[in-house]
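Novice:
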Ligand code: KG4
Ligand code: ZN
């Protein structure tokens, strides 16, 4: 049931100001508009996202981005059926800009409001252009802030997530960005590392792989990825061999010594994600895997996951790279599904920078084990 019409999504959890319009009932494809204003150039000189600058830039960009998304969809606010907004996790000041805007718009236009978990949005991005598996499946979210592996439980009107593993320390995108910075690449460096390794033929440096660990935090035993040891191995190697990072203006394609380190690092990250994920897929008795989040745009990661799933006859869904990285169509899609299920959020909805996801997708309902599938 998706009868509520087009939903506007708003995403401001980090350094992209995004608005999108999605109509889940549209046969030719649900996305009516997708506008993203990136703050990469603003933060790059600082080597990472500066939270206060991010909030201020969202304030400037968001009204323009929303207007552009509505124009792209050929709608005004009266044509909308609801407003969906990311409420967490993310930078609190940045989240509050999107949330305040969404609340004002919902109130002024008398539209239902729905708060969306950022990772629920990433998972729904997989189904903007592909069918959702009919039964339970695994969903791996790999981004600048997360490495989270969920079992998504079928048979509910809204997605139910069971958290199976997460990272103990760095997220994989964070590791890409830190290793890139160490070797002199501009922030964020994930996409640049991906491209360089494709362009420059090198023998990758070999780095040790961390085994997936047990994480007994919060009274729940999850398995845990870990990427900070790899980052330290890269730093030790750079120091040991006396590798000079890229100088200002130096073309990294002229530095196969640097690319060999980046290639070895990327191989290790991909191995440390593919191996445990496929093992857990088997342990959970599942045959469908979804991989989303900014790092799922990585060429090597996409190829290795596709090969590993093909080898065991499992279905894999990885969205096109534009839906891997942060966007608001994914937030609109997640919100539209929950609005269609009869949910909505109150105007007292608040941002939560550390919002958990282990239970139903709704951010304003208590988490718990899913009931039996019908
Ligand atoms: O999902 P996303 O856009 O934002 C977060 O929610 O974090 O992910 C951004 C992260 C950054 O760390 C960026 O370096 C990484 O995704 N990334 C990549 C690639 N494209 C983006 N990492 C590896 N290979 C890529 N092609
Ligand atoms: Zn994200």
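Residue numbers (the numbering used here): 8 to 381. Glycine included, every Cβ here is placed at the ideal spot set by N, Cα and C.
Whose CA, out of 256, 97, 60, 15, lies closest to the CA of residue 359?
Specialist: Here the closest residue by C-alpha is 97.
Novice: Closer than 7 Å: is that where the CB of residue 54 sits relative to any heavy atom of ligand 2?
Specialist: It does not: the Cβ of residue 54 is nowhere closer than 7 Å to a heavy atom of ligand 2.
Novice: Starting from residue 107 and walking both ways along the beta strand (DSSP E), at which residues does that stretch end?
Specialist: Here residue 107 belongs to no beta strand (DSSP E); instead the alpha helix (DSSP H) covers 99–116.
Novice: How do the region 158–165 and the region 130–150 stand: do at least 3 beta-carbon pairs fall below 8 Å, yes or no?
Specialist: Taking 8 Å as the limit for Cβ pairs, the verdict is that the region 130–150 does touch the region 158–165.
Novice: Over what stretch of residues does the alpha helix (DSSP H) that includes residue 266 continue unbroken?
Specialist: Where residue 266 is concerned, the enclosing alpha helix (DSSP H) stretches over 263–290.
Novice: Using 10 angstroms around the beta-carbon of residue 251, count the other beta-carbons present and answer buried if the total reaches 16, otherwise exposed.
Specialist: By the 10 Å Cβ count, residue 251 comes out exposed.
Novice: Can you tell me where the alpha helix (DSSP H) with residue 342 in it begins and where it stops?
Specialist: 336–347 is the span of the alpha helix (DSSP H), which, as asked, contains residue 342.
Novice: Nearest-angstrom Cα distance between residue 246 and residue 47?
Specialist: If I take the Cα positions, the gap works out to 29 Å.
Novice: Measuring only the C-alpha atoms, how far is residue 23 from residue 55?
Specialist: Rounded to whole angstroms, residue 23 to residue 55 spans 13 Å at the Cα level.
Novice: Check for me: the alpha helix (DSSP H) holding residue 293 runs from which residue to which?
Specialist: Unbroken run through residue 293: none, as it is neither H nor E.
Novice: Which residue from 133, 273, 62 puts its Cα closest to that of residue 105?
Specialist: Checked all of 133, 273, 62; the closest Cα to residue 105 is 62.
Novice: Taking 8 Å as the cut-off, does the region 202–211 touch the region 262–277 (at least 3 CB pairs, one atom from each stretch)?
Specialist: They touch, by the three-pair rule.
Novice: In whole angstroms, give me the CA-to-CA distance for residue 18 and residue 188.
Specialist: Straight-line Cα distance between these residues: approximately 26 Å.
Novice: Express the C-alpha separation of residue 155 and residue 130 in angstroms, rounding to a whole number.
Specialist: One C-alpha to the other measures close to 11 Å.
Novice: Just to confirm, are residue 94 and residue 299 a CB contact at a threshold of 8 Å?
Specialist: No. Outside cutoff.
Novice: Give a yes or no on whether the C-beta atoms belonging to residue 281 and residue 234 are separated by under 8 Å.
Specialist: Not closer than 8 Å, so no.
Novice: Note down, in chain order, each residue of its chain lying with its Cβ closer than 6 Å to the Cβ of residue 274, except the 5 sequence neighbours on either side.
Specialist: Counting only Cβ-Cβ distances below 6 Å, and skipping sequence neighbours, we find 211.
Novice: Based on the DSSP output, what are the partners of residue 232 in its beta bridges?
Specialist: In DSSP, residue 232 forms a bridge with 174.
Novice: Considering only their Cβ atoms, is the gap separating residue 336 from residue 123 smaller than 8 Å?
Specialist: Not in contact: residue 123 and residue 336 (Cβ atoms no closer than 8 Å).
Novice: Between which two residues does the alpha helix (DSSP H) containing residue 130 stretch?
Specialist: 125–132 is the extent of the alpha helix (DSSP H) around residue 130.
Novice: Can you give the Cα-Cα distance for residue 167 and residue 101, rounded to whole angstroms?
Specialist: Whole-angstrom Cα-Cα distance: 27 Å.
Novice: Give the secondary structure of residue 376 by DSSP, where H, G and I count as helix, E and B as strand, and everything else as coil.
Specialist: With a pLDDT of only 40 at residue 376, under 50, the local geometry of the prediction cannot be trusted, and the value read off the model is given with reservation. Residue 376: coil per DSSP, three-state reduction.
Novice: Which residues end up in the neighbourhood of ligand 2 when you take C-beta atoms closer than 5 Å to any of its heavy atoms?
Specialist: The filter returns 150, 333, in chain order.
Novice: Could you spell out where the beta strand (DSSP E) holding residue 94 opens and where it closes?
Specialist: That run of the beta strand (DSSP E) goes 89–95.
Novice: Would you say residue 140 lies against chain B (beta-carbon separation less than 8 Å)?
Specialist: No chain B appears in the structure shown, which is made up of a single protein chain.
Novice: Would you say the beta carbon of residue 368 is closer than 7 Å to some non-hydrogen atom of ligand 1?
Specialist: The answer is no for residue 368.
Novice: Got a sec: does ligand 1 put a non-hydrogen atom nearer than 7 Å to the Cβ of residue 196?
Specialist: Residue 196: yes, Cβ under 7 Å from ligand 1.
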